[in-house]
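> Please see the structure below; I have some questions.
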Amino acid sequence: KIFQKQIFKFFLEG
Amino acid sequence: MLEARLEQASILKKVVDAIKDLVQDCNFDCNDSGIALQAMDNSHVALVSMMLKSDTFSPFRCDRNIALGINLNSFQKVLRCAQNEDILTLKADDSPDVVSLVFESSEQDRISEYDIKLMDIDQEHLGIPDTEYAATITMPSGEFQRICRDLSALSESVAIEAEKNAVKFVCNGDIGNGAISLRNHSSVEKPEQNVNIELSEPVALTFSLKYLVNFCKASGLSGSVKLCLSNEVPLLVEYELASNSYLRFYLAPKIGD
């Protein structure tokens, strides 16, 4: 879940 | 003020039915281009993005930017009071405390009027980047729903493997394994069954089936669904609606399982 959250964060923040 | 009239209440009913188990409270952002919604689920691994363009409505009027903070459970309760074929009109003032919904029967002289109390929702709104995906798969939405439902009986996750001309859905579970392969398929007679795989490079990613099954609740909105995959970015599951409107779901891949 932590990795998944991080992937999202990087994706949205570019 | 906002005034937006939908020919068929069913569109909004289906949208809210499809997203209400993922997100509970969210802002419907209204401006002159239409009504948009963007919200993450509580676990921050999935995101819903809806755009109902102004052309979806007739007429559509929104002079200022208005955020309608709505509890989706309440919204669903009220929308259930509308018949699918009813004409639905959303109305709100410029600084609204409530959003009003009017349902009109096209066949009977019945007019139903409801208000929903609005809430202040402080939602982080991050821009979704334009992304070039390694693989884009278009397939019947019912087929995708069936695959997700079938595989969820065996496993918690599914690997989606896209390669030239084929896409494979693979799961490994305690009771056994499953794999479904689809190939490029196009038929003039039954275009609704077409499968199209566009690929710039092969990609294989694993996703939680619980979320995918949830996304598939939107299947009634469109006959086809688009899956866009690239390594290390969230999967995009898109249901296209009329007038360039859409309902999109994003899901972060599982890593290291």
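So the sequence lines, in the order shown, correspond to chains U and H.
Position one of the first sequence corresponds to residue 115 (this note's numbering), numbered consecutively onward.
Position one of the second sequence corresponds to residue 4 (this note's numbering), numbered consecutively onward.
Cβ atoms here follow ideal geometry from the backbone N, Cα and C, with glycine treated the same way.
Cβ of glycine 179 of chain H within 8 angstroms of Cβ of lysine 17 of chain H?
Going by C-beta atoms, glycine 179 of chain H is not nearer than 8 angstroms to lysine 17 of chain H.
> Taking 8 angstroms as the CB-CB cut-off, is histidine 188 of chain H touching chain U?
Answer no: the Cβ-Cβ gap between histidine 188 of chain H and chain U never drops below 8 angstroms.
> Among H/Cys151, H/Thr139, H/Phe60, which has the Cα closest to the Cα of asparagine 34 of chain H?
Nearest of H/Cys151, H/Thr139, H/Phe60 to asparagine 34 of chain H, Cα basis: H/Phe60.
> Per DSSP, phenylalanine 172 of chain H is paired with what?
Note: phenylalanine 172 of chain H sits in a beta bridge opposite H/Ile163, H/Ile183.
> Closest to isoleucine 38 of chain H by C-alpha separation, out of H/Asp44, H/Leu25, H/Leu55, H/Arg152, would be which residue?
The shortest Cα separation from isoleucine 38 of chain H among H/Asp44, H/Leu25, H/Leu55, H/Arg152 belongs to H/Leu55.
> Just to confirm the assignment, what range does the beta strand (DSSP E) spanning serine 103 of chain H have?
Segment 101 to 107, the beta strand (DSSP E) holding serine 103 of chain H.
> For methionine 43 of chain H, which residues in the same chain have their Cβ closer than 6 angstroms to its Cβ, ignoring the five residues on either side in sequence?
Within the same chain, methionine 43 of chain H has close Cβ partners Leu50.
> So the beta strand (DSSP E) tyrosine 253 of chain H belongs to, where does it begin and stop?
From DSSP, the beta strand (DSSP E) with tyrosine 253 of chain H extends over 249 to 254.
> When the Cβ atoms of the segment 159 to 175 of chain H are set against those of the segment 208 to 215 of chain H, are three or more pairs found closer than 8 angstroms?
The segment 159 to 175 of chain H vs the segment 208 to 215 of chain H: in contact.
> Are the beta-carbon atoms of tyrosine 117 of chain H and cysteine 65 of chain H separated by less than 8 angstroms?
Taking 8 angstroms as the Cβ cut-off, tyrosine 117 of chain H and cysteine 65 of chain H do not qualify as a contacting pair.
> Would the segment 213 to 232 of chain H count as touching the segment 14 to 30 of chain H if we require 3 or more Cβ pairs under 8 angstroms?
Yes: the two stretches touch, three or more of their Cβ pairs being nearer than 8 angstroms.
> Do you know how far the Cα of glycine 226 of chain H is from the Cα of valine 198 of chain H?
Each residue's alpha carbon lies about 12 angstroms from the other.
> For the putative contact between isoleucine 69 of chain H and aspartate 97 of chain H, defined by C-beta atoms under 8 angstroms, what is the C-beta separation to the nearest angstrom?
With 8 angstroms as the limit, isoleucine 69 of chain H and aspartate 97 of chain H qualify as a contact, their Cβ atoms being about 7 angstroms apart.
> With a CB to CB cut of under 7 angstroms and the five nearest residues on each side skipped, what residues in its chain are close to methionine 142 of chain H?
Excluding residues within five positions, the ones whose Cβ falls inside 7 angstroms are Leu185, Val198, Ser227, Val228.
> With a threshold of 8 angstroms between beta carbons, is serine 52 of chain H in contact with chain U?
Serine 52 of chain H does not count as touching chain U.
> Pick helix, strand or coil for proline 62 of chain H, following the three-state DSSP scheme.
In this structure, proline 62 of chain H counts as coil in the three-state DSSP scheme.
> Only counting the same chain, and skipping five residues up and downstream in sequence, which positions put a Cβ closer than 7 angstroms to that of serine 77 of chain H?
If we look at serine 77 of chain H and ignore the five residues flanking it on each side, its Cβ neighbours are Ile119.
> With DSSP collapsed to three states, give me the class of serine 227 of chain H.
The answer is strand: DSSP assigns serine 227 of chain H an E or B state.
> Tell me the rounded alpha-carbon separation between histidine 128 of chain H and glutamine 41 of chain H.
Between histidine 128 of chain H and glutamine 41 of chain H, the C-alpha separation is close to 7 angstroms.
> Residues of chain U with CB closer than 7 angstroms to the CB of isoleucine 258 of chain H, please, in chain order.
Within chain U, the residues near isoleucine 258 of chain H are Phe117.
> Go through the segment 22 to 89 of chain H residue by residue and report every complete run of the beta strand (DSSP E) that reaches 3 residues or more, in order.
Counting only runs of 3 or more, we get 28 to 34, 37 to 43, 49 to 56, 63 to 65, 69 to 74.
> Just to confirm my understanding: we take aspartate 20 of chain H, look at its own chain, exclude 5 residues before and 5 after, and list those with CB closer than 7 angstroms. What are they?
Correct list, in chain order: Gln79, Lys220.
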